[in-house]
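Trainee: Chains as they are written, first to last, in my numbering: chain G, 29 to 213; chain U, 29 to 213; chain L, 2 to 257; chain Y, 2 to 257; chain E, 1247 to 1317; chain Z, 1247 to 1317; chain X, 113 to 465; chain S, 113 to 465. Below you will find the structure I want to go over with you.
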Ligand SMILES: Cc1ncc(C[n+]2csc(CCOP(=O)(O)OP(=O)(O)O)c2C)c(N)n1
Ligand SMILES: Cc1ncc(C[n+]2csc(CCOP(=O)(O)OP(=O)(O)O)c2C)c(N)n1
Ligand code: SF4
Ligand code: SF4
Ligand code: SF4
Ligand code: SF4
Ligand code: SF4
Ligand code: SF4
Ligand SMILES: [Mg+2]
Ligand SMILES: [Mg+2]
């Protein structure tokens, strides 16, 4: 098993947290993982992205040239990363904010109106969990309850309500992905 | 022709000036020369010495391990440098301040009561010229008038009286060396 | 149609890399406005710091260099010595100027080099992710003072203007801030006077800006402005610390 | 037979490498006397500067180190942090302390590190052959100011005590000199107080000595003393600049 | 009449102009643009008094002010 | 009686003790020793008042002072 | 049970130091090593140990000198430009025979360069970027786990040989998070330090110095240093070999590049190309012997580094012309395995002709 | 007529700079190079040029950066510990493609060491003691005359290639006085500098920088630097050969050591030992080719240096095992010709067996 994910968006969308949660969760599941963030002045002006590699074997490079999965939350990131997606890859895209364009991409596109859903849930900051839920479902990574368990331990020292909200977001993401997958390709 | 001279004494005895004058003079005479001073904290607390090499050929090292000539103005310097004198060498020694000891040295000893003479001339600071005069005579380095000419140009920007005094000192040195050379060995 | 305000010529039109509400942008604009006003763009040479403003040269349309962290004052002093006809400035953050560059700051001021130093005091290391700066306030939390700056453990906030005002070299030193339109207008006058100190008096000048870093203060831009006004100005009082024009004031001597 | 004065125990009996009439010797002796008096020889750790006093460890019988030029304040600050039971001091010349070591001097003082700095201001670089120091007097001739120090070209004499007194960190700062027996007695009291500031108050202290360098001032020792008294004290006024014991005086905060 | 022009491409949505506008003539857009910025826009109908607070406070020099004659 | 002892081996002949001696009890030797130093010596017959100026000023800590009882 | 934690390499290095009994940390912020400083800012005061954010890298390295002279375990960390500023201090530490740990999370250079990965400070670390004849032990981690392990180990080596031990990482190693196992067993206590400055109560005063003005003194001192260095060469050379026995092309790489080379070896073998890898874990002392043995049966050696042939010189010195050596040097970019394979193929091709 | 003056090497270097049109000198005192600073303190203001005694070596090298960025010829000088402090600055200068001249009058190291002669900074100078991939041209004078000539030449090279040129001398070369001929013909004027910061009147603004954040930008920049370095290697390698054609033992030595080796060659030949000498005048670029040719017919090569085998590595890299190499390395002492002869004899003896 080898899964290379790039998560990208702007500051405030929770890119970093989603990436770390994914890595942490998969480590707990006994996989090898690496997590690699963008850092330095790149992240001024609100850009953010990170690379997560999950594998049952040794991981060589933590930096992903051809992602298996893209989780993209805004247009700039889409424009930048979309061409690198591997042909068999999956792109989970915040369709509220990203116009993927008519050209299409090599891999499979999973549009998730995450910003809209987040708005409905009353907090933009859960965009990340909606996207993560969708991704998890689309890639059949983990049983949902396991993912939520890892989420709970990641939020262990925060308020319970926060966990609940994030849980809901994950579930909404799952639903959205299911809908997208059900849609004709 | 190869002549390696170490001049040594304490600060105020004019070691540096004597060495530079010698080098400058011999350069003007068309020789290759090097002049090498002691420097740095060694010279705190009043010690001073320099190495002068004069040669008709290329000079390799400016640092003298086995001097052909020692011009020594105080006891500490004598104790330090005497053992290094080459067997065919000459030691011109300020006999007022240096007890050369009964042991003798490999080379020829030219005692010059320089401090005494300087006292007579009324200025300790001409010790160096007395010694230089003696040395020049003992080693038959330059005709006296040439040496004095070089001395004049070295003192070009100072008072004439100073030149006169230094001249006198050189001459006294010549006399002293002549006397020493005349003395039974 | 009459233009009432237009981006200054000296400020290149492009998206900056600064965070929303960052004071660097305001300071850049003021410098650009004054350079335009004085008509010195063609003979100005600046030095960008190592700090968030390291890319200042992308925004300011003058000859610029980008020297090592903290050394810009000496760099521009040297430029001025070899090209006295130029107007030079050093743009620096608090880490750059008051930590690694302490010695350069003091000695350039002490020699009264005719250079203008723009000092953006945002009480934090912005570029490297919000560590303590020499100017960080007591109790302020930063990456390297996770429980707040403690005077005994981490040292006291350094007041640069006061420090430099003990030297004979400087001709003009002022501390300003950017917290409201009046303050910004005053800051603009200080920028102007900073340049004029160099041009007319051949003297050393430094203008300190108390400037917000909303990102690493973890405040909204307007909150950050209020924090400066309410808290920072207590520790860093605004005002003129040296003025060669003030009657009777101690005047920095200038180079021949 | 009663001994009225004897070389202090802490001062090793040997010929120093100092020139005749050099102030370093007096300062060494005072430090040794006070170390003896306070009975702290067994827990004192000193740092020799790079400067004429680089061999101070040959004369002072305490644990010592010999760090890089100008960095001794940070070295002893670190020693004190890891060994708070020790009494530490940094011995420095003006080049060491106020030129290359400017940043270290200021930041150790600003952090209020409980260390004692002995600062020998002889207005010249002795060790390297008499170049200009930051403290060289205006018009003073040195190897690097052959026509005399010029404020405009070479900068102004730096007053270290005044500079440091703008910081909140220091607990005790005094400038003394060595020009006559009364002055030396005062200097000795300052050395004592410097150590006590560290021991009793856990505070930062600095004692500046206006000290003769007869060799590079090209003066006889007694002339050099007179030069200090007549000229140097005008530029560098003697006195206490910070005192944690003075009633109502600004007190440097100390480390927890 | 005074026209206030905010450069969409440069505005970061810091809100400083909004906070200092004498006439409350400016507001932040409720949704972020693709850079994540809630850029500023002029509130229709409010009359600008040309106090210039917006241009003075804007870190991005993103505001232009001009007077157009005529109704 | 006060005895003043100058350590020949350490004295550099700087003359500070001489200059500050309250009783003019000290003088420099007229000729340098082998280190080039004109070391200090006590002038015979002058009575030392134990003012300690010499010990206080000596950069070499070369002066010892003690009181011997007796005649 | 030993804990397994997801950690950035920078944090792992910091925690390795903490676990190894580091008494004092002195640092100045610089990307890409800031997480190390931040980690220490939190951990050290928590444990009652010393953390100082220095006003500069110079101050930091000289605080290390001080704390180490006082007999305590001390470290600093920085990245390339900051490490350049420490060179005088490192030379003093070497000369004064003080143990010290320096972590360099390399970034792109020269100058301000960028904050990406690079291995451009190899010469600086292995040859002494400071003045004079001296050496530092240079350890090259290739994972967050090794950031932890080798930083901890650096303290032991520094103490044992009384010299500077440098951990030479890069931006990716510093930033990347990986699982790190933190062992339960405590690390060995530091050896006695009968030279440390502690106050001379009950013994003669001690002196930590590097000025040696006596005749021949400095030379004797230098020879003594080099006796130690030879001992280090004999006893502390470390490397990892992968499929090197039967390799046609031996790759030589350290740090991040070695991970890429492992991938290349795996890929290459799958494609029928017999690649092997020597990964120096100590860059000084360099594993000359291991490399010589591995290269003996190979047709060529390919050096892969994020610099312009710096380590390649050590490879040339080890092999002295006995095997052809090719270089894949990318000064500010982590090459991909594919590029390594292509270079290896080209090397084999060239040998055929 | 050209003047012949007795000058200390330090003064000669300073005067060489003056004659070559040095516009600005920035320095901080340190033994054994103080006479250079003193010379400039007198000469530069006299000529209306710039002299600043900096508050530190860091300040000095960064003033050089400034003056050079402004298009003027600038230099600094120091000795080993001070040169260590300049490493960050030198790396910035290299990265920013600024011409600069740095004179290092080496003293004994590491640490404070002593103020005697040494060649312990060879690696620092030739390998870049600063961070990142870069090179400086390194010139090695062996007389006061060459202190003059090569310092003057350093300005031309620095300007031509827009890089740092280091004059690597030692305490003896700096302190020793020798006759120096000061030529009458003026030195060539500096080339135009269409990158210099002079104010942007009438042209687009210019930028002197080293931060290269764009994708691939730093790498492209590094490759461009190395294109220049290869050109320097091709065009600027300099050496002096003495009796090398028929030598049984080729001595390799620079600076003061080369003078001793000349004596050894003369003495040896008189005693029937066929010695020759290759004296690198540029240490980087190193005269690999000349050495290879000279060594081809020899039975061995003896490297004589005042360090612990630093240049010997360059000799090994040049010869790649083709000839046996022996080392006479005295880290803080100028060897005597006799010792050179003995080592050469031992080398020949060993070859016989
Ligand atoms: C020698 C060196 N040390 C450290 C750094 C890392 N660094 C870059 S910017 C900076 C400090 C920035 O803080 P400040 O000067 O206050 O500017 P700001 O970003 O807050 O405007 C540091 C420490 C560096 N580039 N070079
Ligand atoms: C890094 C470095 N720079 C310069 C020197 C040379 N140096 C030795 S002592 C000294 C200055 C001495 O002056 P000061 O500190 O005033 O002490 P003094 O000798 O006057 O007592 C200098 C510049 C050095 N050893 N190391
Ligand atoms: S980090 Fe702070 S100083 Fe830097 S750009 Fe952002 S707000 Fe401005
Ligand atoms: S040079 Fe000056 S400071 Fe140094 S020992 Fe001599 S008198 Fe003292
Ligand atoms: S000029 Fe004044 S009133 Fe008009 S928009 Fe700007 S801030 Fe508001
Ligand atoms: S001040 Fe400028 S950047 Fe900020 S919201 Fe207003 S227009 Fe946008
Ligand atoms: S104690 Fe006083 S009186 Fe006696 S010798 Fe000394 S200075 Fe003179
Ligand atoms: S003060 Fe001391 S050193 Fe000076 S002359 Fe008197 S005894 Fe000698
Ligand atoms: Mg800041
Ligand atoms: Mg001094």
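Glycine included, every Cβ here is placed at the ideal spot set by N, Cα and C.
With a CB to CB cut of under 6 Å and the five nearest residues on each side skipped, what residues in its chain are close to residue 257 of chain L?
Mentor: Bear in mind that a pLDDT of 47 at residue 257 of chain L, under 50, signals an unreliable position, so the model cannot answer this.
Trainee: When the cut-off is 8 Å and only beta carbons count, does residue 1311 of chain Z lie next to chain Y?
Mentor: yes
Trainee: Helix, strand or coil for residue 72 of chain Y? Go by DSSP, reduced to three states.
Mentor: Residue 72 of chain Y sits in coil when the DSSP states are folded into three classes, being neither helix nor strand.
Trainee: Rounded to whole angstroms, what's the CA-CA distance from residue 251 of chain X to residue 244 of chain X? Just pull it up for me.
Mentor: 21 Å
Trainee: So what's residue 119 of chain X in DSSP terms, helix, strand or just coil?
Mentor: strand
Trainee: List the endpoints of the continuous alpha helix (DSSP H) containing residue 116 of chain L.
Mentor: Run containing residue 116 of chain L: none; DSSP gives neither H nor E here.
Trainee: What does DSSP give as the partner residues of residue 287 of chain Y in its beta bridges?
Mentor: Outside the displayed range of chain Y (2 to 257) lies residue 287 of chain Y, so it cannot be described from this structure.
Trainee: Do residue 443 of chain S and residue 419 of chain S have their CB atoms nearer than 8 Å?
Mentor: yes
Trainee: Would you identify the three-state DSSP class for residue 257 of chain L, choosing helix, strand or coil?
Mentor: Note that residue 257 of chain L scores 47 on pLDDT, short of 50, meaning its location in the model is unreliable; the coordinates nonetheless yield the value given after this. In the structure shown, residue 257 of chain L sits in coil (DSSP, three-state: anything other than H, G, I, E or B).
Trainee: Taking 8 Å as the CB-CB cut-off, is residue 62 of chain L touching chain S?
Mentor: yes
Trainee: Report, in whole angstroms, the separation of the C-beta atoms of residue 190 of chain S and residue 145 of chain S, which I expect to be a contact under 8 Å.
Mentor: 6 Å
Trainee: Looking at the secondary structure, which residues open and close the beta strand (DSSP E) in which residue 251 of chain S lies?
Mentor: 249-251 is the extent of the beta strand (DSSP E) around residue 251 of chain S.
Trainee: Should residue 1314 of chain Z be labelled buried (16 or more other beta-carbon atoms within 10 Å of its own) or exposed?
Mentor: exposed
Trainee: Using 8 Å as the limit for Cβ to Cβ distance, is residue 38 of chain U near chain Z?
Mentor: yes
Trainee: Contact criterion: CB-CB distance below 8 Å. Does residue 209 of chain L meet it with respect to chain S?
Mentor: no
Trainee: Compare the C-alpha of residue 209 of chain Y against each of Y/156, Y/80, Y/15 and Y/106 and name the closest.
Mentor: The shortest C-alpha separation from residue 209 of chain Y is found at Y/106.
Trainee: In whole angstroms, give me the CA-to-CA distance for residue 1276 of chain Z and residue 325 of chain X.
Mentor: 33 Å
Trainee: Are residue 1305 of chain Z and residue 41 of chain Y closer than 8 Å when you measure CB to CB?
Mentor: no
Trainee: Could you name the residues of the same chain whose beta carbon sits closer than 6 Å to that of residue 142 of chain Y, not counting the 5 residues immediately before and after it, in chain order?
Mentor: 149
Trainee: Thinking C-alpha only, which one of Y/48, Y/4 and Y/113 is nearest residue 204 of chain Y?
Mentor: Y/113
Trainee: Using a C-beta cutoff of 8 Å, does residue 445 of chain S count as contacting chain X?
Mentor: yes
Trainee: In three-state DSSP terms, what is residue 109 of chain U?
Mentor: helix
Trainee: Would you kindly check if the distance between the Cβ of residue 1259 of chain E and the Cβ of residue 21 of chain L is under 8 Å?
Mentor: In terms of Cβ geometry, residue 21 of chain L and residue 1259 of chain E form a close pair [threshold 8 Å].
Trainee: With DSSP as the reference, please indicate the residues paired to residue 282 of chain S in a beta bridge.
Mentor: S/218
Trainee: How big is the Cα-Cα spacing for residue 157 of chain X and residue 322 of chain X?
Mentor: 32 Å
Trainee: Between the stretch 168-175 of chain X and the stretch 66-79 of chain Y, do three or more beta carbon pairs fall short of 8 Å?
Mentor: yes
Trainee: List the residues of chain Z that residue 104 of chain U touches, going by C-beta distances under 8 Å, in chain order.
Mentor: 1280 and 1281
Trainee: Taking the alpha helix (DSSP H) that residue 341 of chain S belongs to, which residues open and close that run?
Mentor: Counting along the chain, the alpha helix (DSSP H) containing residue 341 of chain S begins and ends at 329-348.
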